[in-house]
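**Student:** For reference, each letter of the sequence shown is one residue, going -20 to -1, 1 to 144 in mature numbering (1 follows the signal peptide of the UniProt record, and there is no 0).
Beta carbons are placed, not taken as given, at the ideal position from N, Cα and C, and that holds for glycine.
All values derive from a computational prediction rather than experimental measurement.
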Amino acid sequence: MKSLKSAVAILLTLPMMALAGEVKVSWGDFDDFIDVRPANETKSGFYKRVKTSLEKSFTKLSEKLPEGAVFEFRITDLDLAGDVRYGGLNDYRLVERLYYPIMKFDYQLINKDGTILKQGTETLKDMNFLDRIRSPGQYRRESFYYEKRMFEEWFEETIESQFK
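1) Between the Cα of ASP15 and the Cα atoms of LEU69, PRO46, LYS84 and PHE131, which residue gives the shortest distance?
2) What is the DSSP secondary structure of GLY48, counted as helix, strand or coil?
3) To which residues does DSSP link GLU102 through a beta bridge?
4) Straight-line CA distance for THR101 to VAL30?
5) Taking all protein chains shown into account, do 16 or more other C-beta atoms lie within 10 angstroms of the C-beta of LEU74, making it buried, or fewer, making it exposed?
6) When you compare only the Cα positions, how much space is there between SER6 and PHE53?
7) Looking at ASP57 and TYR79, is the spacing between their C-beta atoms short of 7 Å?
8) Does the beta-carbon distance from SER37 to LYS128 come in below 7 Å?
9) If we count the other Cβ atoms within 10 Å of its Cβ and call it buried at 16 or more, is TYR125 buried or exposed?
10) From ARG112 to ILE90, what distance separates their C-alpha atoms?
11) Using the C-alpha atoms, what's the distance from GLU43 back to residue 209?
12) What separation, rounded to the nearest whole angstrom, lies between the Cα atoms of ALA(-1) and GLU35?
13) With 16 as the cutoff for other CB atoms within 10 Å, does ILE96 come out buried or exposed?
14) Under the rule that 16 or more other beta-carbon atoms within 10 Å means buried, what is LEU41, buried or exposed?
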């Protein structure tokens, strides 16, 4: 009886398991990036947090790719929204219009049979990043919101559109 319930549960969840593509990201040297400076944490800890947070967002985009498709990219430069201000004991990142996010990367989109569908070098800038309305709950109070949104918009327009 127990195995029958397990089998039924597996069969019911199979349609919800969407087969998706894969996103592979690699990074240049953080020390060479325009602005990935920490305010009140160690450099290595901040770099790890940037990497982990952005990669989590990038990996989620694989759900938008068809089965077998691979999107590979290498981030060659990053300028986070805002600028670090040094103020005694409490350094902070000041986010103003002047300090908009920039991301540079090389990429390849490969379909399941190994054919390169698209490749290139991109420089993304969102000079109006403060004028956009955040949708409720989307990245609310999440680190690196502006960079994630900028990349996801580009991904939808440039990569996801290849499969529609």
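**Tutor:** The answer reads as follows:
1) LYS84
2) coil
3) PHE85
4) 21 Å
5) exposed
6) 6 Å
7) no
8) yes
9) buried
10) 32 Å
11) Because the chain in this structure spans residues -20 to 144, residue 209 falls outside the shown range and cannot be described.
12) 17 Å
13) exposed
14) buried
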